[in-house]
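Visitor: Numbering (the numbering used here), first residue to last: 73 to 302.
Quick reminder that beta carbons are idealized off the backbone N, C-alpha and C, glycines included.
Since we're looking at a predicted model, the values are computed, not measured.
Pasting the structure below:
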């Protein structure tokens, strides 16, 4: 074999090695101990057993997307929650989960202008009804929440405020708020009042970027929250 052929073989082998090395490093994810412990805390809070939880962490380390963040898997589920304090747990095939919860707080309900409380629920009462709810979302990787206030007047309008007291804790993702406002602050006879935090989350490896809305809707008769995606 002449010198040119030897160099050609060496060059080809070197390129194959570099390509393989690049592919391997692109598919692997490096987490520090704090991030791994955060994932463990999250899977425990979601009621995921240790064996499944560690498998999910390994899936994350391999650069794979969890079913709980896969749009094709998510669209098969009903991701809606009412303000009753109950937690809606959605379970996926790989064992990952989504937790949705909406809690009432700081309730003020009066009859007319008398300042006399007549109700203890966002979903009931007469006269002038104002309540604040906190909507919470957790899917092992993302832990987010915010507050909004709904006001309803008997025989009148229902209004909702922009999201506030935003809390975001994301492992492996950089996030950017695209919109944080009441997109439809006043309900009509055909359209509920709506407020939402719209955000873009980009995987730190550059593998993918997603856009999500965590929205709250309100009418004279109901309040509910929903995760939405594009």
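Of all the options 132, 279 and 200, which has the alpha carbon lying nearest to the alpha carbon of residue 230?
Guide: Checked all of 132, 279 and 200; the closest Cα to residue 230 is 200.
Visitor: Sorted by chain position, which residues of the same chain lie with C-beta nearer than 8 Å to residue 281's C-beta, five sequence neighbours on each side aside?
Guide: Counting only Cβ-Cβ distances below 8 Å, and skipping sequence neighbours, we find 272, 273, 274 and 275.
Visitor: Are the beta-carbon atoms of residue 239 and residue 266 separated by less than 8 Å?
Guide: No, Cβ-Cβ distance for residue 239 and residue 266 is not below 8 Å.
Visitor: Identify whether residue 280 lies in helix, strand or coil by the three-state DSSP scheme.
Guide: The answer is coil: DSSP assigns residue 280 none of H, G, I, E or B.
Visitor: Which first and last residues belong to the beta strand (DSSP E) in which residue 201 is found?
Guide: Counting along the chain, the beta strand (DSSP E) containing residue 201 begins and ends at 200–210.
Visitor: Between residue 244 and residue 103, what straight-line distance do the alpha-carbon atoms span, to the nearest angstrom?
Guide: Approximately 8 Å, taken between the alpha carbons.
Visitor: Taking only the alpha-carbon atoms, compute the straight-line gap between residue 169 and residue 212 and give it to the nearest angstrom.
Guide: Near 7 Å, if we compare the C-alpha coordinates of residue 212 and residue 169.
Visitor: Within this structure, are the beta carbons of residue 166 and residue 138 separated by less than 8 Å?
Guide: In contact: residue 166 and residue 138 (Cβ atoms closer than 8 Å).
Visitor: Counting beta carbon pairs with one atom in the stretch 108–124 and one in the stretch 252–268, are three or more of them shorter than 8 Å?
Guide: Flag = no, the stretch 252–268 and the stretch 108–124 do not touch.
Visitor: In this structure, how does DSSP classify residue 215 when only helix, strand and coil are distinguished?
Guide: DSSP places residue 215 in strand when its eight states are reduced to three.
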